[in-house]
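Under our numbering, the first residue of the sequence shown carries the number 70, and numbering increases by one thereafter.
Glycine included, every Cβ here is placed at the ideal spot set by N, Cα and C.
To start, the structure under review is shown below, and the notes come after it.
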Amino acid sequence: MTSVKNPWACLAIACLATLLLSLDLTVLHLALPSLAADLGAGSTQVLWIGDIYGFALAGLLVTMGNLGDRVGRKRLLLIGAAAFGAASVVTAYAPTPELLIAARALLGVAGATIMPSTLSIIRNVFTEPGERTAAIGIWSGMSAAGFAIGPVVGGLLLDHFWWGSVFLINVPVMAVVLVGGWLVLPESRNPHAGRLDLLSVGLSFAGIVGAVYALKEAANKGVDHADVLVAGAGGIVLLGWFWWRQRRLAEPLIDVRLFARRAFSASILTNLLAIFAMSAMMLMFAWYLQLVLGWSPLMAGLAQLPGGLSGAVGGVLAARLIPLLGRNGVVALGLAMNAGSFLYYTTLGTELNYLTLLPALIVGGVGVGFAFTVNNDNVLATAPRQRAGAAAAVSETAFELGGALGIAVLGTVLTSAYRSNLELPASLTGGVTGGVTGEAAGGAARESLASAIAVAQGLPAGQAADLVRAAQAAFLDGVHLASYVTAGLLALVALLALVGLRGVPKVIPEEVLTAAHS
Numbered sequence: 070m071t072s073v074k075n076p077w078a079c080l081a082i083a084c085l086a087t088l089l090l091s092l093d094l095t096v097l098h099l100a101l102p103s104l105a106a107d108l109g110a111g112s113t114q115v116l117w118i119g120d121i122y123g124f125a126l127a128g129l130l131v132t133m134g135n136l137g138d139r140v141g142r143k144r145l146l147l148i149g150a151a152a153f154g155a156a157s158v159v160t161a162y163a164p165t166p167e168l169l170i171a172a173r174a175l176l177g178v179a180g181a182t183i184m185p186s187t188l189s190i191i192r193n194v195f196t197e198p199g200e201r202t203a204a205i206g207i208w209s210g211m212s213a214a215g216f217a218i219g220p221v222v223g224g225l226l227l228d229h230f231w232w233g234s235v236f237l238i239n240v241p242v243m244a245v246v247l248v249g250g251w252l253v254l255p256e257s258r259n260p261h262a263g264r265l266d267l268l269s270v271g272l273s274f275a276g277i278v279g280a281v282y283a284l285k286e287a288a289n290k291g292v293d294h295a296d297v298l299v300a301g302a303g304g305i306v307l308l309g310w311f312w313w314r315q316r317r318l319a320e321p322l323i324d325v326r327l328f329a330r331r332a333f334s335a336s337i338l339t340n341l342l343a344i345f346a347m348s349a350m351m352l353m354f355a356w357y358l359q360l361v362l363g364w365s366p367l368m369a370g371l372a373q374l375p376g377g378l379s380g381a382v383g384g385v386l387a388a389r390l391i392p393l394l395g396r397n398g399v400v401a402l403g404l405a406m407n408a409g410s411f412l413y414y415t416t417l418g419t420e421l422n423y424l425t426l427l428p429a430l431i432v433g434g435v436g437v438g439f440a441f442t443v444n445n446d447n448v449l450a451t452a453p454r455q456r457a458g459a460a461a462a463v464s465e466t467a468f469e470l471g472g473a474l475g476i477a478v479l480g481t482v483l484t485s486a487y488r489s490n491l492e493l494p495a496s497l498t499g500g501v502t503g504g505v506t507g508e509a510a511g512g513a514a515r516e517s518l519a520s521a522i523a524v525a526q527g528l529p530a531g532q533a534a535d536l537v538r539a540a541q542a543a544f545l546d547g548v549h550l551a552s553y554v555t556a557g558l559l560a561l562v563a564l565l566a567l568v569g570l571r572g573v574p575k576v577i578p579e580e581v582l583t584a585a586h587s
């Protein structure tokens, strides 16, 4: 049993690192246009600059979680923090797109060492069940807050500094994590860990990256492209091989027998679908607030901030609700609250009174906080303490896959509904308009709402207004359809959680866990 003088100081270090990693996933979005212009990056390079961090992060989470169990979670966290800070400096001052892509990949590798380490440290530091749940609630809340704060921080920095500033903010924060972690974090590892199976490492990395790549590219350009089909099929095959191999190893990267436990498998699935909804919401609102309402990126980021911050509140409240509702009840309530928010989003129009939207954002955010907290606690409590890093990595990988899946599926729903519902003005169905053929302009307008607005800028005022109105109406039809789909899915998952987590003790004592895995 780990003896720690100040476990809450350890939690503060873990939360600070988690906040920064979550923030880094979204802070880049606003900087992409300016860095692309400054470095002369092509469209393909811009996509890789945005995506390579997530690919490296998702692909290495399982490996790094296991590595932390073997070499020590504190040691791996500190190494990762130092690498993250160094890579941030290289990224900020990268002179070419190629070096920027390489630096972003290194950021993803470093992030993969930090994410599971923070959660597994919490699992080993907080051995009293009630305190552990409360600590995971705070950790989950900080993670949700980071996603919401990212666009706001990015907008503020870009208003005053160049694009590299969004990366340099990582340096002082990681310096605090390094010094604080060295002073207060205890070391913990699995004393009986065997050697790391390198084939399993390769299979997990290639399989997860293939699956994430296929999901992201399917959202960008559809599924009928060779690279999407090859990556998706290859990812499935490699992950299937990985699963088969884990069942036959004495020291697997993931103990797949854990998935036979309802508390573990149901929590992983509901967590994946909760982040599916959260990423879908962020995608919808980023487009809706800027392209329909005409808000600036900073205003759009600030508008979404209450949702993320209320997720932090939900994380803290979840531990207090478990004795009243049970673990299954808290997760089901959180998902149902999120489903209710998406039902409200079906009423969004071309005009918005923000005060009417605010309650839905807050209710949905609190609901996500409920689900994340209890599910993360279930995952860690179900796994042995010696394998906490590996269990945390599974949870974090589901988080990454859920985010990619949400953007891919809901992005496809939005785009398909937009294209099928767009009724072009008669002036764009033929003839010459604004110096280009109406047919060409109409084809470009059908690509997306952003493309339609770009086309409208080259049209006479009357025709431009007609096109923008038609495109916004079609886009809102897509938002409404996507919201109905997400609300229905969340309602089903709430029922799944109610049944799948039924019977999980409200308090899971350490001795029960030890007996279950002896």
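(1) If you draw a straight line from the C-alpha of L358 to the C-alpha of A369, how long is it?
(2) According to the neighbour-count rule (16 or more other Cβ atoms, all chains shown, within 10 Å of its Cβ), is V299 buried or exposed?
(3) Just to confirm my understanding: we take M184, look at its own chain, exclude 5 residues before and 5 after, and list those with CB closer than 7 Å. What are they?
(4) Spatial neighbours of A105 within its chain, please: CB distance less than 7 Å, with the 5 preceding and 5 following residues excluded, ordered by chain position.
(5) Pull up the distance between the alpha-carbon of V558 and that of G123, whole angstroms please.
(6) Between A100 and the rest of its own chain, which residues show a CB-CB distance below 7 Å, the 5 nearest in sequence each way excluded?
(7) Give the DSSP-derived three-state secondary structure of F328 in the structure shown.
(8) What is the residue span of the alpha helix (DSSP H) that N447 lies within?
(9) Just confirm the distance between the C-beta atoms of A563 and A429, as a whole number of angstroms; I'd bet it's less than 8 Å.
(10) Does DSSP classify G363 as helix, strand or coil?
(11) Would you call the CB atoms of I205 and T451 closer than 9 Å?
(12) If I measure Cβ to Cβ from G432 and keep anything under 7 Å in the same chain, skipping five residues before and after, which residues do I get?
(13) Report the option in F544, G363, N193 and S336 whose CA atom is closest to the CA atom of T481.
(14) Helix or strand or just coil, what does DSSP make of D228?
(15) For the 8 Å Cβ check, are there 3 or more pairs between the region 161–176 and the region 209–222?
(16) Once you ignore the five residues that flank L174 on each side, which residues in its own chain have a CB closer than 6 Å to its CB?
(17) Where does H294 fall in DSSP's three states?
(18) Within its chain, find whatever has a CB closer than 6 Å to the CB of G403; leave out the 5 residues flanking it on each side and keep chain order.
(19) Do you know whose CA, among I238, A542, S103 and S552, lies nearest G154's CA?
(20) Between L254 and chain D, is there a C-beta pair that is closer than 9 Å?
(21) Taking its Cβ as the centre, do 16 or more other Cβ atoms sit within 10 Å of A172, making it buried, or is it exposed?
(22) Are the beta-carbon atoms of L272 and L308 separated by less than 9 Å?
(23) Is the region 381–398 touching the region 179–198, taking contact as three or more C-beta pairs under 8 Å?
(24) Using the beta-carbon count (16 or more within 10 Å), is N422 buried or exposed?
(25) Compute the Euclidean distance between the alpha carbons of N447 and F333, then round it to the nearest angstrom.
(26) Tell whether a beta-carbon distance below 9 Å holds between L491 and A525.
(27) Work out the CA separation of G137 and V270 for me, nearest whole Å.
(28) Can you name the start and end residues of the alpha helix (DSSP H) that G44 belongs to?
(29) What three-state label does DSSP hand A302 in the structure shown?
(30) Considering only residues of the same chain and omitting the five flanking positions on each side of G249, which have a CB-CB separation below 6 Å?
(31) Along the alpha helix (DSSP H) that carries N239, what are the first and last residues, could you check?
(32) In whole angstroms, what separates the C-alpha of R254 from that of V140?
(33) Check this for me: beta carbons of A179 and A161, under 9 Å apart or not?
(34) Pick out the complete alpha helix (DSSP H) segments inside the region 357–420, 4 residues or longer, and give them in chain order.
(35) Pull up the distance between the alpha-carbon of P76 and that of L85, whole angstroms please.
So, from the listed chains and residues:
(1) Rounded to the nearest angstrom, the gap between the Cα atoms of L358 and A369 is 6 Å.
(2) exposed
(3) Counting only Cβ-Cβ distances below 7 Å, and skipping sequence neighbours, we find L90, L130 and E465.
(4) V115
(5) The identity of residue 558 in the sequence shown is Leu, whereas the question assumes Val. Roughly 25 Å between the two C-alpha positions.
(6) G223, L227, W232 and V235
(7) helix
(8) Y423 to T451
(9) Between A429 and A563 the Cβ distance is about 17 Å, and since that is not below 8 Å, they are no contact.
(10) coil
(11) no
(12) Note on residue identity: the sequence assigns Val, not Gly, to residue 432. So the qualifying residues of the chain are M406, G409 and S410.
(13) Checking every option, the nearest Cα to that of T481 belongs to F544.
(14) helix
(15) no
(16) Looking at the sequence provided, one finds Ala at residue 174 rather than Leu. For A174, where only same-chain residues beyond five positions count, the Cβ hits under 6 Å are I121 and A125.
(17) coil
(18) G436, F439 and A440
(19) I238
(20) This model lacks chain D altogether, as it is built from one protein chain only.
(21) buried
(22) yes
(23) no
(24) Counting Cβ neighbours within 10 Å, N422 comes out exposed, since fewer than 16 surround it.
(25) 6 Å
(26) no
(27) 14 Å
(28) Residue 44 is absent from the structure shown; the chain starts at 70 and stops at 587.
(29) helix
(30) I82
(31) Unbroken alpha helix (DSSP H) run through N239: N239 to V253.
(32) It should be noted that the sequence gives Leu, not Arg, for residue 254. In a straight line, the C-alpha of L254 is about 15 Å away from that of V140.
(33) Contact: no.
(34) 366–414
(35) 14 Å
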